[in-house]
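Participant: Here my numbering is used: the first residue of the sequence shown is 20, the next is one more, and so on.
Quick reminder that beta carbons are idealized off the backbone N, C-alpha and C, glycines included.
I am attaching a structure below and will ask some questions about it afterwards.
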Amino acid sequence: MPVQAVAIVVYEGVQALDVAGPLDVFSEANTFLDSADRYEPVLVAAHHNPLRASNGIRLIADLTLEEATGGFDIVLVAGTPTPPETEPDPHLLQWVKELPWRSSLYGSICTGAFVLGYAGLLDDRRVTTHWQDAQALAARFPKAKVEPDLIYVRDGRLITAAGVTAGIDLGLALVGQRHGAETALKVAKRLVVVAQRQGGQSQFSPYLTAPADPESPIARIQDHVMANVGNRHSLESLAAVVGMSARNLARHFVQATGITPHEFIERARIDAARMMLEGSDRPLKAVAFDCGFGSADRMRIVFTARLGVSPIQYRASFRRTTLE
């Protein structure tokens, strides 16, 4: 197979791991590949002046946008810790708009998806970004089919990855597709990461968000549920907490939160269980009982459906430990 030309688009304030993650994957892959079958990555930016990444390190592009006129096999637009509020530089935007003709595969890492969106490349396509910005991406580009839980998505020639270290997952997937699972596994071992991450982004993101009005009856109900997460709750019992009818509560709750009271209760139980699994060695049966699941089996079913991992897998990944 021929050499793969890879371009990563960078700019001021870029997230360094969005750049370094996939670069290290391709670099490590080269150690297992013939020289004629290697990856040749370059950084592309508006100019050759040093760019300051969000963590303070400086990056210098190999090629400017004007110089990067040739075709690439893969082009990835790196992201920033927070999504851009306005369209990017017109020269960058025009360069990105031409990606379907400039490369075989094109896409983004983290909030780089917003740059693709401004370029009109997300319309009617399945895409993802950092879990914290998925809702904003969907709101800003309503024609995009945003998948907030996926680590990476490929829709035809378009490839998008979730936040930060997900660029490593995407790089490993690309290496695996081209050179096989064994090579991808070797690269993952060299980088001391898993070759294929279990579960989706939901295991990293909090399920609960604060209500807009913390003094509202809905906020009082939420506080009541979280303070008594192990208890049984019905629509009628929750309505009694704030002196509302069950029908009015159901309607106002959805208007204020976008979800039903039943959905909120399950999310509260998941978050409570996650905190216990992260911070203690309590048996699963005890965690399930204290968080209102009733049984460890029921908790496992909910975790698997919601997070893509079992409670045991979640604890193995997120158990808090201290250095000795």
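(1) Taking just the CA atoms, how far does A180 sit from W150?
(2) Quick one: complete beta strand (DSSP E) runs, 3+ long, within the region 34 to 84?
(3) Confirm, please, whether the CB-CB distance from A97 to T83 is below 8 Å.
(4) Ignoring anything shorter than 3 residues or poking outside the region 164 to 244, list the beta strand (DSSP E) runs there in chain order.
(5) Please confirm whether V33 and L70 have their CB atoms less than 8 Å apart.
(6) Have a look at the DSSP bridge pairing and note the partners of S253.
(7) Can you pull the DSSP bridge partners for L95?
(8) Three-state secondary structure (DSSP) at P330?
(9) My parser needs the beta strand (DSSP E) runs of 3 or more residues fully inside the region 108 to 153; what are they?
(10) If we ignore side chains and look at the alpha-carbon of each, how far apart do V328 and W114 end up?
(11) By the 10 Å Cβ neighbour count, where 16 or more other Cβ atoms means buried, how is S127 classified, buried or exposed?
(12) Quick one: grab the DSSP three-state call for S299.
(13) Is the region 73 to 89 in contact with the region 238 to 247, if contact means three or more CB pairs nearer than 8 Å?
(14) Among Q274, R338 and A207, which one has its Cα closest to the Cα of E47?
(15) Residues in the same chain with beta-carbon distance under 7 Å from G152, minus the five sequence neighbours each way, listed in chain order, please.
(16) Compute the distance between the beta-carbons of L326 and A315, then report whether it is under 8 Å.
(17) Measuring alpha carbon to alpha carbon, tell me which of A158, C310 and L141 ends up nearest D174.
(18) Measure the alpha-carbon distance for E343 versus I187 and round it to whole angstroms.
(19) Going by alpha carbons, who is nearest to A26 out of A72, D43, T50 and S122?
(20) Only counting the same chain, and skipping five residues up and downstream in sequence, which positions put a Cβ closer than 6 Å to that of A335?
(21) Buried or exposed: V211, going by 16 or more other Cβ atoms within 10 Å of its Cβ?
(22) Applying the criterion that 16 or more other CB atoms from any shown protein chain within 10 Å of the CB defines a buried residue, is A324 buried or exposed?
(23) In whole angstroms, give me the CA-to-CA distance for I237 and R293.
(24) Is the distance from the Cβ of R286 to the Cβ of G311 below 8 Å?
Facilitator: According to the structure data:
(1) 10 Å
(2) Correct list: 58 to 64.
(3) no
(4) If only uninterrupted beta strand (DSSP E) runs of at least 3 residues are considered, those enclosed by the region 164 to 244 are 171 to 174 and 177 to 180.
(5) yes
(6) None, per the DSSP bridge assignment.
(7) I27 and G126
(8) helix
(9) 122 to 128
(10) 40 Å
(11) buried
(12) coil
(13) no
(14) A207
(15) Correcting the residue type first, residue 152 is Asp in the shown sequence and not Gly. Cβ neighbours of D152 within its own chain (closer than 7 Å, five residues either side excluded): P102 and T130.
(16) no
(17) L141
(18) Caution applies to E343, whose pLDDT of 48 falls short of 50 and renders its modelled position unreliable; the value that the coordinates give is listed next. Looking at the two C-alpha atoms, the distance is approximately 29 Å.
(19) S122
(20) none
(21) With fewer than 16 other beta carbons inside 10 angstroms of its own, V211 counts as exposed.
(22) exposed
(23) Taking the straight line joining both Cα atoms gives about 23 Å.
(24) no
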